[in-house]
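S.K.:
There are 2 protein chains.
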Amino acid sequence: MSSRSDIAAGRASIFDVASRARVSPATVSRALRGAPNVSAATRERVAAAARELAYVASPAASRLASGRTTTIGIVVPFMDRWFFMRVVQGVEAVVRAAGYDLLLYNLGDMTGRERFFDRMPLQRKVDGVIMVDVAIQPGEQVQLQELGVPVTVVGGAALGVGTVGIDDAEGVRMAVRHLAHLGHRRIGMLCGQLADGLARDVPGQRRDSFHRAVAEAGLETSPEWVLIEPWGVAGGAAATERLLCARRLPTALLAESDEIAFGALRTLRLAGLDVPGRMSVMGFDDHDMAGIVNLTTIAQPVLEQGEIAATLLLEALQDRADPFARVTLPTRLVIRGSTAPPGSWAARPDDTAPAVDRATG
Amino acid sequence: MSSRSDIAAGRASIFDVASRARVSPATVSRALRGAPNVSAATRERVAAAARELAYVASPAASRLASGRTTTIGIVVPFMDRWFFMRVVQGVEAVVRAAGYDLLLYNLGDMTGRERFFDRMPLQRKVDGVIMVDVAIQPGEQVQLQELGVPVTVVGGAALGVGTVGIDDAEGVRMAVRHLAHLGHRRIGMLCGQLADGLARDVPGQRRDSFHRAVAEAGLETSPEWVLIEPWGVAGGAAATERLLCARRLPTALLAESDEIAFGALRTLRLAGLDVPGRMSVMGFDDHDMAGIVNLTTIAQPVLEQGEIAATLLLEALQDRADPFARVTLPTRLVIRGSTAPPGSWAARPDDTAPAVDRATG
DNA sequence: GTGAAAGCGCTAACAA
DNA sequence: TTGTTAGCGCTTTCAC
Chain A
0 MSSRSDIAAG RASIFDVASR ARVSPATVSR ALRGAPNVSA ATRERVAAAA
50 RELAYVASPA ASRLASGRTT TIGIVVPFMD RWFFMRVVQG VEAVVRAAGY
100 DLLLYNLGDM TGRERFFDRM PLQRKVDGVI MVDVAIQPGE QVQLQELGVP
150 VTVVGGAALG VGTVGIDDAE GVRMAVRHLA HLGHRRIGML CGQLADGLAR
200 DVPGQRRDSF HRAVAEAGLE TSPEWVLIEP WGVAGGAAAT ERLLCARRLP
250 TALLAESDEI AFGALRTLRL AGLDVPGRMS VMGFDDHDMA GIVNLTTIAQ
300 PVLEQGEIAA TLLLEALQDR ADPFARVTLP TRLVIRGSTA PPGSWAARPD
350 DTAPAVDRAT G
Chain B
0 MSSRSDIAAG RASIFDVASR ARVSPATVSR ALRGAPNVSA ATRERVAAAA
50 RELAYVASPA ASRLASGRTT TIGIVVPFMD RWFFMRVVQG VEAVVRAAGY
100 DLLLYNLGDM TGRERFFDRM PLQRKVDGVI MVDVAIQPGE QVQLQELGVP
150 VTVVGGAALG VGTVGIDDAE GVRMAVRHLA HLGHRRIGML CGQLADGLAR
200 DVPGQRRDSF HRAVAEAGLE TSPEWVLIEP WGVAGGAAAT ERLLCARRLP
250 TALLAESDEI AFGALRTLRL AGLDVPGRMS VMGFDDHDMA GIVNLTTIAQ
300 PVLEQGEIAA TLLLEALQDR ADPFARVTLP TRLVIRGSTA PPGSWAARPD
350 DTAPAVDRAT G
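Sequence lines, in order, name chains A and B. Oh and the first sequence: position 122 is 121 in numbering that gives the first Met the number 0, straight run, nothing missing. Oh and the second sequence: position 83 is 82 in numbering that gives the first Met the number 0, straight run, nothing missing.
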């Protein structure tokens, strides 16, 4: 039983509610959690008592007693990239609506990743976990299993877990085909370095698929046209700078991600190379900002991937679903202004380029 | 004591560790948590036993017994805006390094906000909470206090809590002065609507400061030059479209945020109005993408605000700091290519605008 | 449909 | 420095 002040502070215990409703604590527990075997009248009395005392069950106590945490964990490799936070957003909404809490864990870099798999900080803290685009290594998989909770992966394959993602290979193929249909025979690819050590599935997939798609389409290839630089805008810019030193230039560029494409666009503008007249550029993802810079891209449903992953996980927690389900979502070509047939370029004096593009920012 | 299989599954209890190390459970608890009053030898024996059994203390049990959760909660109004996720990133890093977990809560909209303050879902689940740019209403403040844990606010004022933010008024003043120094006499402002009902402090502050700064600088004003549309790129575009119907145009535009400025840039390009020749444009925040579109802006340290908020909160938890501390971080002008003296515009035929800007994306 | 009682696995006084 | 002893506040059999 709690003191008056505890009760006033909203720290009433289940005993307080029980005595107020003239039932046992067990009944309070059942009533409040919507368990069966409680008469409507009792349920109502308990609810009223709980309301009056502003009773909230101690999460720690019920977790200890029940073994359930009503919390799910989400693990992301980065927090400063649009894609991941968007997935988290989708997950958060679904998880929250189901009455679960969300524990966010950011790997950040290789050290962080090791620490994570080493100490498994989510241990006994969550009922399930969602991992976003981390290629789970064999050893890590063992650790994950030892968590003893269902795992769902977004954007990557893994054994013994549910999976949701897109067909990256197909997306890349769509991009290459679009460019080929426009008449491009020489297509370059801008990739983000994997050197952060955070093994992930998606980047490699896109890269490999590119080679296959180009071969399928019977296009020219050259090692000079595949550039690898650190991931992101700066990397895209750097890769494009390197590209511009090639013996022969491609007429189109596919970037592994929209952010990389943004960097490419910037470099091309600084260089005075008209997009898409002199160079077509495509991104991948359909980033929030892709519309702003008018980037043609392959869109994937990002929020939905988070929502589905969360739904899958939640269902697995209630034994209502295949915990190893695999969901593949469609990608789609979004045409904007950065692609056109090769050579659709009208000469124009440099100094008429908009000032906003001339500066060095 | 646990069964052999429990132990094998990493579910050893503190008793298992105790008997293996030939000490009492209490000593195990002390040793593992680094409490004082444990001899080095004992500490080592316990550590070894724990390691061998892969023992991890049950969070639920220690929370119940100690009353501490080693978890902090972060509440954001939106998850699809760069600023908020960047703050979360800063918070996550600091909190994680201190051995705490992070519970993420997204308000999303007015309904979500009400639900949050109504049910206080963080109740008894966290040792402290960080709220990002939510203007806490009087009633809500009471609820927050009933949480019984320290609260730190980022980007907004609140009573009885720690605060970290920037001087929005000063930032806006810097922007207006920069434009005035360039010779602009007519400056417009693009604002995001507050109609989402999620009362927040920052937007209003920037708006009010604009009027004051313009007055201070003795510039022209017109109600036509202050546009309010839904927040974001689309809103910025819409606001600019409305602006272009004004009797007389300003020569410069200050957007409440970079995202709004992005929308403005797009509309201006579609309209064929040269930036900065015909119209200077400034943003606020220094969004990741501001460099890409070459936007002059007022930068604020975003990650740092998260880091500082987390540090403050953590210190408050250890009674090592003023829980009502107020930290104000500096803003700074970042010159890029979207501002110039008014009228620094060279006429040019429409059809030479880069194709990427001509399309409708 | 409801109650009694035995934990869940720790931490924290207090003793030794 | 270490051990003993009570809880922490629920949930969950198992009776009734």
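Even glycine gets a Cβ: it sits at the ideal position worked out from N, Cα and C.
Tell me which residues share the same chain as Gln-361 (chain B) and place their Cβ nearer than 6 Å to its Cβ, disregarding the 5 neighbours each side in the sequence.
M.R.: In this structure chain B extends from 0 to 360, so residue 361 (chain B) is not present and cannot be described.
S.K.: So that I know if they touch, is there some Cβ in chain A lying closer than 7 Å to that of Pro-341 (chain B)?
M.R.: Closer than 7 Å: no.
S.K.: Is there contact here, the segment 232-242 of chain A with the segment 253-263 of chain A, by at least three beta-carbon pairs under 8 Å?
M.R.: At 8 Å Cβ cutoff, the stretches touch.
S.K.: Quick check: what's the CA-CA separation for Ala-156 (chain B) versus Gly-276 (chain A)?
M.R.: So the alpha carbons of these two residues sit roughly 51 Å apart.
S.K.: Going by the DSSP bridge assignment, what does Cys-244 (chain A) pair with across the sheet?
M.R.: Paired residue(s): none; Cys-244 (chain A) is not in a bridge.
S.K.: Quick one: grab the DSSP three-state call for Arg-347 (chain B).
M.R.: Low per-residue confidence applies at Arg-347 (chain B): pLDDT is 40, beneath 50, and the placement is therefore not dependable enough to give any value.
S.K.: Would you report the Cα separation of Leu-253 (chain B) and Ala-339 (chain B), rounded to the nearest angstrom?
M.R.: Distance between the alpha carbons of Leu-253 (chain B) and Ala-339 (chain B) is about 13 Å.
S.K.: Among the candidates A:Gln-122, A:Val-86, A:Ala-96 and A:Val-74, whose CA atom is the shortest distance from the CA of Leu-103 (chain A)?
M.R.: Comparing Cα-Cα distances from Leu-103 (chain A) to each of A:Gln-122, A:Val-86, A:Ala-96 and A:Val-74, the minimum goes to A:Val-74.
S.K.: Counting only runs of 3+ residues fully inside the segment 276-306 of chain B, write out the beta strand (DSSP E) ranges in chain order.
M.R.: If we require 3 residues or more, the beta strand (DSSP E) runs fully inside the segment 276-306 of chain B come out as 279-284 and 295-298.
S.K.: I need the DSSP call for Ala-354 (chain B), collapsed to helix, strand or coil.
M.R.: With a pLDDT of only 31 at Ala-354 (chain B), under 50, the local geometry of the prediction cannot be trusted, and the value read off the model is given with reservation. Helix, per DSSP.
S.K.: Can you tell me whether Ala-46 (chain B) is helix, strand or coil according to DSSP?
M.R.: Three-state result, Ala-46 (chain B): helix.
S.K.: Of all the CB atoms in chain A, is at least one closer than 7 Å to the CB of Asp-126 (chain B)?
M.R.: Asp-126 (chain B) does not count as touching chain A.
S.K.: Go ahead and pull the three-state DSSP assignment for Thr-338 (chain A).
M.R.: Reduced to three states, the DSSP call for Thr-338 (chain A) is coil.
S.K.: For a contact defined as C-beta to C-beta under 8 Å, what are the partners of Ser-57 (chain B) on chain A?
M.R.: Simply Leu-63 and Arg-123.
S.K.: Am I right that Val-37 (chain A) and Ala-46 (chain A) are in contact with their C-beta atoms under 8 Å? What's the rounded C-beta distance?
M.R.: With a Cβ gap of about 10 Å, Val-37 (chain A) and Ala-46 (chain A) do not count as contacting.
S.K.: Would a check of beta-carbon distances place Ala-47 (chain A) closer than 7 Å to chain B?
M.R.: No, because no Cβ of chain B sits closer than 7 Å to the Cβ of Ala-47 (chain A).
S.K.: Out of B:Ile-71, B:Arg-85 and B:Asp-321, state which residue places its alpha-carbon closest to the alpha-carbon of Gly-98 (chain B).
M.R.: Checking every option, the nearest Cα to that of Gly-98 (chain B) belongs to B:Ile-71.
S.K.: What residue from A:Arg-123, A:Ala-251 and A:Val-333 has the CA that sits closest to Arg-62 (chain B)'s CA?
M.R.: The option with the nearest alpha carbon to Arg-62 (chain B) is A:Arg-123.
S.K.: From this set, B:Gly-191, B:Arg-172, B:Leu-193 and B:Arg-241, which residue's C-alpha is nearest Leu-218 (chain B)'s C-alpha?
M.R.: Ranking the options by Cα distance to Leu-218 (chain B), first place goes to B:Arg-172.
S.K.: Is the shortest distance between the beta-carbon of Phe-116 (chain A) and the beta-carbons of chain B less than 7 Å?
M.R.: Answer no: the Cβ-Cβ gap between Phe-116 (chain A) and chain B never drops below 7 Å.
S.K.: Verify whether the separation of the beta carbon atoms of Ala-308 (chain B) and Ile-129 (chain B) is less than 7 Å.
M.R.: Yes, they are a contact pair.
S.K.: Excluding five sequence neighbours on each side, which residues of the same chain lie with their C-beta closer than 8 Å to the C-beta of Ser-65 (chain B)?
M.R.: There are no such residues.
S.K.: My understanding is that Ser-343 (chain A) touches Val-280 (chain A), with C-beta atoms under 8 Å, so please give their C-beta distance in whole angstroms.
M.R.: Actually they do not touch by this definition, with Cβ atoms about 14 Å apart.
S.K.: Any idea what DSSP makes of Ala-157 (chain A), helix, strand or coil?
M.R.: Residue state, collapsed to three classes: coil.
S.K.: Mind listing, in chain order, the continuous alpha helix (DSSP H) runs of no fewer than 4 residues lying wholly within the segment 67-110 of chain A?
M.R.: Runs found: 81-96.
S.K.: Comparing the C-beta of Leu-146 (chain B) with each C-beta of chain A, is any distance below 7 Å?
M.R.: Chain A, which has no Cβ nearer than 7 Å to the Cβ of Leu-146 (chain B), makes this no.
S.K.: The alpha helix (DSSP H) that contains Thr-266 (chain B), what's its start and end?
M.R.: Note, Thr-266 (chain B): alpha helix (DSSP H), 257-269.
S.K.: Determine the contact status of Pro-300 (chain B) and Leu-328 (chain B), defining contact as a CB-CB distance below 7 Å.
M.R.: Result yes, Cβ atoms of Pro-300 (chain B) and Leu-328 (chain B) sit closer than 7 Å.
S.K.: Which runs of the beta strand (DSSP E) at least 3 residues long sit entirely within the segment 186-243 of chain A? Give them in chain order.
M.R.: Runs found: 186-191 and 225-228.
S.K.: Counting contacts by CB-CB distance shorter than 7 Å, is Ala-130 (chain A) in contact with chain B?
M.R.: The question names Ala, yet the displayed sequence has Met at residue 130 (chain A). Not an interface residue.
S.K.: Rounded to the nearest angstrom, what separates Leu-178 (chain B) and Arg-112 (chain A) at their Cα positions?
M.R.: Cα to Cα, Leu-178 (chain B) sits roughly 46 Å from Arg-112 (chain A).
S.K.: Would Leu-143 (chain A) pass as a contact of Val-150 (chain A) if the rule is Cβ separation under 7 Å?
M.R.: Contact flag set, yes.
S.K.: Which of helix, strand or coil does DSSP assign to Val-171 (chain A)?
M.R.: In this structure, Val-171 (chain A) counts as helix in the three-state DSSP scheme.
S.K.: Using beta carbons (cut-off 7 Å, strictly below), is Ser-12 (chain A) in contact with chain B?
M.R.: For Ser-12 (chain A), the answer is no, since every Cβ of chain B falls outside 7 Å of its Cβ.
S.K.: Going along the chain, which residues of its own chain have a beta-carbon closer than 6 Å to the beta-carbon of Arg-19 (chain A), five neighbours each way excluded?
M.R.: Contacts found: Ala-48.
S.K.: Strictly under 7 Å for the Cβ-Cβ distance: is Ile-291 (chain A) near chain B by that measure?
M.R.: Yes, contact with chain B.
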